[in-house]
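Colleague: Chains A and B, in that order, are what the protein sequence lines are.
Taken in order, the first sequence gives residues 0 to 591; the numbers are from numbering that gives the first Met the number 0.
Taken in order, the second sequence gives residues 0 to 449; the numbers are from numbering that gives the first Met the number 0.
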Amino acid sequence: MAYVAIADRDHEQHLHDPQSFVAKYIWSQDHKVIAIQYSLTAISVGLVALVLSLAMRLQLGFPDTFSFITPDEYYQAITMHGMIMVVYLLTALLLGGFGNYLIPLMVGARDMVFPYMNMLSYWVYLLSVIVLCASFFIPGGPTGAGWTLYPPQSVLAGTPGIGGGIILMLVSLVLFIVAFTMGGLNYVTTVLQARCRGMTLMRLPLSVWGIFTATILGLLAFPALLVSGIMLLLDGVIGTSFFMPALLSMGADSGHDGGSPILFQHLFWFFGHPEVYIVALPAFGMVSDVISVHARKNIFGYRMMVWAILAIGIISFIVWAHHMYVSGMNPYFGFFFATTTLIIAIPTALKVYNWVLTLWKGDIHLTVPMLFVIGFIFTFINGGITGLFLGNVAVDVPLSDTYFVIGHFHMVMGVSPILVIYAAIYHWYPKITGRMLNDTLGKVHFWLTLFGTYAIYLPMHYLGILGLPRRYYAMGDTAFIPDSAHLMNQGISIAAGFVAIAQLIFIINMFYSLRAGKKAGSNPWKATTLEWQTPDTPAKHGNWGHDLPVVYRWAYDFSVPGASQDYIPQNMAPEDVPTSDASYHGEEGQHT
Amino acid sequence: MAIALGILFLTIVTVLFHIFSPWWWTPLAADWGFLDLTVDITFWITGIVFIVLNVFLVWVIIKYRHREGLKAHYEPESHKMEAWLTVITTVGVVALLAPGLWAWGKFVDVPEDARIVEVAGQQWHWTFRFPGEDGVLGQVAVAEMSVDNPFGMKADDPAGRDDILVNSGELHLPLGESYKFVLRSKDVLHNFTVPQFRVKMDLVPGSTPYSWLKTIRTGRFDILCEELCGIGHFAMRGAVVVEQPAEFEAWLDTWPRFSDVLQQSAAQASVGQAQFAVCAACHGAQGEGNQMLNAPRLAGQGAWYVARQLDHFKHGLRGANTEDAFGMQMAPMAATLADDTAIRNVAAYIASLPATDPAATLQGDVELGAKLYGTCKSCHGEQGQGIWALNAPRLEGLNDWYLKRQLQNYKSGTRGSHPTDLYGKQMTLLAGMLRSEQDIDAVVAYINQL
């Protein structure tokens, strides 16, 4: 029987008819609208987390000045900042946002395989955000247990938000995981089942590979967070002792007995470390595609890049306890986890080499997306290198729980993926809206962000080597900390202010260009991947008009010798390729 | 072009920052030099990678930036180059990992001659316990912990009888000795960190992780908690004093053994009543306080807290600062109490006096005070009743003018800045959250109405 793509079968067609406003933009089942809903929600809640970080920086930089930050509020701010940024912004934006937008378009599908579940995924995600944010408005406020929520303290008196904050946090996480699972099953199924004709796995753009692998990681890792969240909820609400040994709370025996606090840490980091790659792999994938388009050159070592993504994904499940070298677990584990952690550096380093080698001998267009990509390569080299310190158990011990750690993970997991997200937004905004983002505003945004974030995080590494501990509301008089370190903390806070302003410039650009941006046309960057070959820009519901695309080549046919244009779209048949001379050989065997 | 120069600039700034950073390791005080060495090795290897990669990136951007007529080279992959890069990276990783694992091998392997000391953490204080002659720490249990037995020692364990109980946040260690720290938590996770020692490890309730070191120089070093343990986390400070063995032995002798504690007779309020006559001159016959004489109300205050303050006055931890005129009045009075027994007796009598609510003398924004007190309550209790386990005295019923003065003293460092007054230091850190006199009035006004 001839193969018919799922999205092509007749009975599916009615799903893609024009619909009323509410069906189109609110209860939408169109992956593109859902992607925008996810993205706007994630960015909004991310702005809340940004404001929280400024509150923290005001306290740390000027500990005697701002009377609105008590220790309670400080710990609530760091907790909510961390959790929102990692889960509700980065994970939601990269998978719910970009995953939703790019997967069906890039694989040549009309939509996700389960559009209704996709819609549910967004609404449950929104509910999780609302539940989380509700904790700001209840008596006692949100939890201040730190984003890792380590028991016993996260559910005991002495930690802010013990009444309702921690409960809302855990309920919200459970909802988020439900939402993610519905979305994630969709992404995986769509990649595996709904690719158009000719789109073999080894022709997929790396964005899809990154998002696909990250989604599988998420489907395997989030359940660990789910069960630990539920067990912690039970410990806190009905007094079970999964994670609670016998202990004293406010001078009285708490009545718990026999539980293990370290068990929670194992479960948390069994989720938490893959989570780093749930964020990183989509970013790795998208950066590969953006860099290739703007350097007019094929990604260097495509197959190596795919294998590196898969290798990183697999190894990421056996490195989790490098977050726990000083947790009090059996110290002999340190040997194993240090080894696996440094092994994962090898495929990661190869990816970095391949990005730089993609630029090498390229035709580099220094567009705004390309600036962000180059900024990303720089910050990722920096953040990756400090990871080699913290992953190597003996080196980690003096640096653990200091500012060095803050510097490291913000470089590698904060700034790096966010620079990629910006690269991706500047790159795909024309397809999403039909208009270009303003270049000048984009450049101001880029330079302030790159220099500002580096001014924040570079000095933190050295303050950490000095021994400045993280999660301190105030240092007070501490003999080994010189005045210069306090002064540096002020400087960092001022840099943070500039970075925050830069993000406002971006927000303004996003809205300004929606109306006033230059019209983009269907393929302004002359890219090869399918999302740029849609009949309409922005693509309509159903994406492809009457006929699904057919793919003839890999995603990176740039500057092919003999072709008269420097890119050949994936869906261009070999006989249609305009050639300038006889040296064009059509398909390069190994990439088809 | 600008981006190439920008990346080059950041690369150079990074290298210069590294070379000229005024922030670097604190001078080492433990025999963990090879931990520093592994960090140095890591800096050298990764530093070279950082420079090479970024300089190459800059060169590529400059050389291959778009110009009219430039066409990218078409070369999908180069197996040879990828193989080489894999090999070089692997070599680099092995060069990092090998010294790292070797150093870790040292850490997990505690030398047999290492002596033992228990480091116990609780919200938000440190205490310490030496095992005595038998070298074995006696058993403890949460169920045994009380104001009279803060360590939770089990009376029926003979191994515990000779344990030396250091109920203070200051630990002394002899120079040139190896010590294994047995880490124990009474409540939540903590982390025993002394930056100059490099090694750190979490304290976990329900289990006893360890770390170890050999002291190599004398001095006084800060203990920091480095695992988030609630709102007092940043104020959970202590100190380690490394000194000559003879000084150490003398210090250790000042602390009681558990057997001493067991034999200690109960404090006698009736005996303390006689000594209270001196106190009554200022504090009033019922300990009700007298604002004219700047003497606060004492009645109802926990005996353990009164005893500690008398001890501090007696030994110059409080009332020795010339800025603290009223404290200086108190110091010679405390000196009239001959010994610990006298102090405990008078404290017991004070605790037995009936508590009354003194009249308010100041006004403040109670609503703001309630918000600020949200932090205070984590130690002093919802009702300001005081909690012994947190070393937090009763506030409810204290004179507001006295509370205000003490908060001002903590803020200005008049109280709590004596180097061995670690309880006071904690309050100086927390009083930092009160940014103005208005804040102080507010929180005191709130306490007034508890």
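Ideal Cβ positions, reconstructed from N, Cα and C, are used throughout, including at glycine.
1. Could you give the DSSP three-state label for E72 of chain A: helix, strand or coil?
2. Can you give the Cα-Cα distance for Y445 of chain B and K31 of chain A, rounded to whole angstroms?
3. 7 Å is my cut-off, CB to CB: does G250 of chain A come that close to chain B?
4. Just checking, does the segment 266 to 281 of chain A make contact with the segment 76 to 96 of chain A on the three C-beta pairs under 8 Å criterion?
5. For M303 of chain A and chain B, any beta-carbon pair shorter than 7 Å?
6. Find the residues of chain B that neighbour H485 of chain A, judging by a C-beta separation of less than 9 Å, and give them in chain order.
7. L115 of chain B lies in the beta strand (DSSP E); which residues open and close that run?
8. Is the shortest distance between the beta-carbon of G385 of chain B and the beta-carbons of chain A less than 7 Å?
9. Could you list which residues in chain A have their beta carbon closer than 9 Å to that of F106 of chain B, in chain order?
10. Could you tell me whether any Cβ in chain B is nearer than 7 Å to the Cβ of K360 of chain A?
11. Give the DSSP-derived three-state secondary structure of M0 of chain A in the structure shown.
12. For D9 of chain A and S38 of chain A, what's the separation of their Cα atoms in angstroms?
13. For N190 of chain B, return the contacting residues in chain A, with the cut-off set at a CB-CB distance below 8 Å.
14. Within 7 Å (strictly less), CB to CB, does S377 of chain B reach chain A?
15. Whole angstroms is fine: what's the gap from L397 of chain B's alpha carbon to H311 of chain B's?
16. What ranges does the alpha helix (DSSP H) occupy inside the segment 105 to 141 of chain A, keeping only unbroken runs of at least 4 residues that lie completely in it?
17. Is it true that the CB of H189 of chain B sits closer than 7 Å to the CB of L202 of chain B?
18. Can you tell me whether T536 of chain A is buried or exposed? The criterion is at least 16 other CB atoms within 10 Å of its CB, across all chains shown.
19. Give, in chain order, every unbroken run of the alpha helix (DSSP H) that is at least 4 residues long and sits entirely within the segment 451 to 526 of chain A.
20. By Cβ distance below 6 Å, which residues in the same chain neighbour L418 of chain A in space, the five residues on each side in sequence not counted?
21. Select from A:H426, A:A554, A:A538, A:K525 the residue whose C-alpha is nearest the C-alpha of M509 of chain A.
22. Are the C-beta of T37 of chain B and some C-beta of chain A separated by less than 7 Å?
23. Using a C-beta cutoff of 7 Å, does D482 of chain A count as contacting chain C?
24. Excluding sequence positions up to five away, which residues of its chain have a Cβ less than 8 Å from the Cβ of V355 of chain A?
25. Determine, using beta carbons only, whether C281 of chain B and L292 of chain B come nearer to each other than 7 Å.
26. Throw me the rounded Cβ distance for the L436 of chain A and G516 of chain A pair, which I believe falls under 8 Å.
27. Could you tell me which uninterrupted alpha helix (DSSP H) segments, each at least 4 residues in length, are contained entirely in the segment 186 to 263 of chain A, listed from first to last along the chain?
28. Find the residues of chain B that neighbour V355 of chain A, judging by a C-beta separation of less than 9 Å, and give them in chain order.
29. Since I believe P21 of chain B is in contact with S483 of chain A (beta carbons under 8 Å), could you give me their beta-carbon distance rounded to a whole number of angstroms?
30. Taking Cβ-Cβ distances shorter than 8 Å, what residues in chain A pair up with L458 of chain B?
31. To the nearest angstrom, report how far apart A113 of chain B and D71 of chain A are at their CA atoms.
32. Going along the chain, which residues of the segment 432 to 465 of chain A sit with their C-beta nearer than 8 Å to a C-beta in chain B?
33. Within 10 angstroms of its Cβ, does R236 of chain B collect 16 or more other Cβ (buried), or is it exposed?
34. For E381 of chain B, does the count of other Cβ atoms within 10 angstroms reach 16, so buried, or fall short, so exposed?
35. In angstroms with no decimal places, state the Cα-to-Cα distance between Q264 of chain A and V198 of chain B.
36. Under 7 Å between C-beta atoms, does G284 of chain A make it to chain B?
Modeller: With the given structure in hand:
1. Secondary structure at E72 of chain A: helix, using DSSP grouped into helix, strand and coil.
2. 54 Å
3. Output row for G250 of chain A: interface = yes.
4. yes
5. Interface annotation, M303 of chain A: in contact with chain B, CB-CB separation under 7 Å.
6. Taking a Cβ-Cβ threshold of 9 Å, none of the residues of chain B is close to H485 of chain A; the smallest such distance is about 11 Å.
7. According to the sequence displayed, residue 115 of chain B carries Ile and not Leu. Annotation: the continuous beta strand (DSSP E) that includes I115 of chain B extends over 114 to 121.
8. With 7 Å as the cut-off, G385 of chain B does not count as an interface residue toward chain A.
9. P330, G333, V392, A393, V396
10. yes
11. Legend: pLDDT at M0 of chain A = 39, less than 50; position of this residue unreliable, no value from coordinates given.
12. Per-residue confidence for D9 of chain A stands at a pLDDT of 49, beneath the threshold of 50, marking its modelled position as unreliable; the derived number appears in the next sentence. When rounded, the distance between both Cα atoms is 31 Å.
13. V325, D400
14. yes
15. 19 Å
16. Segments of the alpha helix (DSSP H) lying fully in the segment 105 to 141 of chain A: 114 to 133.
17. yes
18. buried
19. Along the length of the segment 451 to 526 of chain A, whole alpha helix (DSSP H) runs at least 4 residues long occupy 482 to 515, reported in chain order.
20. F371, G374, F375
21. A:H426
22. Taking Cβ atoms only, chain A reaches closer than 7 Å to T37 of chain B, which makes this a yes.
23. Within the model displayed, chain C is absent; protein chains A and B are what it includes.
24. I376
25. Between C281 of chain B and L292 of chain B, the CB-CB gap stays under 7 Å.
26. With 8 Å as the limit, L436 of chain A and G516 of chain A qualify as a contact, their Cβ atoms being about 6 Å apart.
27. Listed in chain order, the complete alpha helix (DSSP H) runs (minimum 4 residues) inside the segment 186 to 263 of chain A are 205 to 236.
28. L52, F55, L56, V59
29. 5 Å
30. Lying outside 0 to 449, the shown extent of chain B, residue 458 of chain B is not represented and no answer is given.
31. 41 Å
32. Listed in sequence order: W446, L449, F450, Y453, L457, P458, Y461, L462, I464, L465.
33. buried
34. exposed
35. Put simply, the backbone Cα of Q264 of chain A is about 21 Å away from that of V198 of chain B.
36. no
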